[in-house]
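Numbering (my numbering), first residue to last: 5 to 323.
Beta carbons: idealized from backbone N, C-alpha and C, even for Gly.
These notes are about the structure you will find just below.
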């Protein structure tokens, strides 16, 4: 009987390991496609947490269901159960294992974010430490050959772009070409440094496909470096509640080849700056002078003057 129980436990343990590994692999499909080198770090970390979480869940729920089905008392059995004394060894094990697991996951998480160096507002309140206070970067990946990361550590010069958040619009400025846009264009497989600043309140720079979220703090510049690796169009969202129309504070992020990126810059530089359509400003002007469901709103900033705005942004919203 004891051997049978050991075999059943071994079979279930193998099942739990395989199910956990399968679930960890499935977790990669729960996110948008990885569009930056940094996204791989986040997805690997999430996959590890998913696999371990599945194993712990199965390790708890399996014995629980087994005991519930095969070791429950009969309907009219009100007798006491057999006396069971505590086991010091077992108590040490179930105390030590969670501690080691939590510390290990904490160390792995810290190492991941250390590689990404996402400092956020920390750099505004920490004393200057040159060896620590670096801009965000994609550090070398320990387990993945560099040639498989599609240029994640490209040594080409960093492309500098100024990003301004306001109530409620994003404005992107390319200082070397003197180009402004309401759509963020980035070159593929090339390091990019975004200098983030806010004109009014706290905003959040968040592109789900990039797996990067950075607070934008008023009156301070925060650098964020990343390496786009997948051409396509992605969506930038304001991840912090910045006022009435914050949900409309979105913009497209276009990752394109270096040749297409340079051509876009050249074309945009020839355009005369004009006021871009802004959903928040348009909606506010529609309801100006009338209460919207009984609350007041901060007047949005004036529509930004830019060299380039996507065509659909220039169209008026439907009546």
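Looking at residue i: is its Cβ nearer than 7 Å to the Cβ of residue j?
i: residue 169; j: residue 282; result: no
i: residue 312; j: residue 272; result: yes
i: residue 302; j: residue 247; result: yes
i: residue 193; j: residue 177; result: no
i: residue 205; j: residue 232; result: no
i: residue 162; j: residue 197; result: yes
i: residue 307; j: residue 284; result: no
i: residue 59; j: residue 20; result: yes
Nearest by alpha-carbon distance to residue i: which of the options is it?
i: residue 53; options: 202, 105, 244 and 176; result: 105
i: residue 219; options: 241, 276, 81 and 119; result: 241
i: residue 254; options: 243, 67 and 108; result: 243
i: residue 236; options: 265, 226, 227 and 32; result: 265
i: residue 93; options: 190, 67 and 101; result: 101
i: residue 230; options: 14, 41 and 98; result: 41
i: residue 228; options: 185, 210, 234 and 238; result: 210
i: residue 278; options: 185, 195, 43 and 226; result: 185
i: residue 179; options: 251, 103, 164 and 238; result: 164
i: residue 234; options: 84, 191, 291 and 109; result: 191
Rounded to whole angstroms, what's the CA-CA distance from residue i to residue j? Just pull it up for me.
i: residue 199; j: residue 208; result: 13 Å
i: residue 22; j: residue 62; result: 11 Å
i: residue 90; j: residue 56; result: 28 Å
i: residue 202; j: residue 223; result: 7 Å
i: residue 82; j: residue 76; result: 12 Å
i: residue 287; j: residue 249; result: 9 Å
i: residue 257; j: residue 38; result: 14 Å
i: residue 269; j: residue 280; result: 17 Å
i: residue 18; j: residue 7; result: 17 Å
i: residue 182; j: residue 32; result: 39 Å
i: residue 116; j: residue 86; result: 49 Å
i: residue 304; j: residue 114; result: 39 Å
i: residue 107; j: residue 119; result: 18 Å
i: residue 99; j: residue 67; result: 18 Å
i: residue 95; j: residue 64; result: 16 Å
i: residue 276; j: residue 289; result: 25 Å
i: residue 187; j: residue 314; result: 7 Å
i: residue 14; j: residue 88; result: 24 Å
i: residue 189; j: residue 24; result: 39 Å
i: residue 70; j: residue 78; result: 15 Å
i: residue 36; j: residue 44; result: 12 Å
i: residue 46; j: residue 10; result: 38 Å
i: residue 12; j: residue 239; result: 49 Å
i: residue 291; j: residue 252; result: 16 Å
i: residue 226; j: residue 34; result: 30 Å
i: residue 195; j: residue 109; result: 29 Å
i: residue 74; j: residue 245; result: 52 Å
i: residue 97; j: residue 80; result: 36 Å
i: residue 72; j: residue 261; result: 59 Å
i: residue 16; j: residue 267; result: 59 Å
i: residue 84; j: residue 103; result: 34 Å
Open item on the list: Measuring CB atoms only, is the segment 43 to 58 touching the segment 20 to 33, in the sense that at least three cross pairs come out at less than 8 Å?
Closed with: yes
TODO: May I ask you to verify whether the segment 214 to 228 touches the segment 171 to 185, counting CB pairs closer than 8 Å and requiring at least 3?
DONE: no
Open item on the list: Please give me, in chain order, every unbroken run of the beta strand (DSSP E) with length at least 3 that falls completely inside the segment 185 to 262.
Closed with: Secondary structure remark: continuous beta strand (DSSP E) runs of at least 3 residues inside the segment 185 to 262, in chain order: 188 to 191, 196 to 202, 207 to 211, 216 to 220, 226 to 230, 236 to 242 and 254 to 260.
Open item on the list: Which complete alpha helix (DSSP H) runs does the segment 267 to 313 hold, if anything under 4 residues is left out?
Closed with: 283 to 291
Open item on the list: Which complete beta strand (DSSP E) runs does the segment 39 to 121 hold, if anything under 3 residues is left out?
Closed with: none
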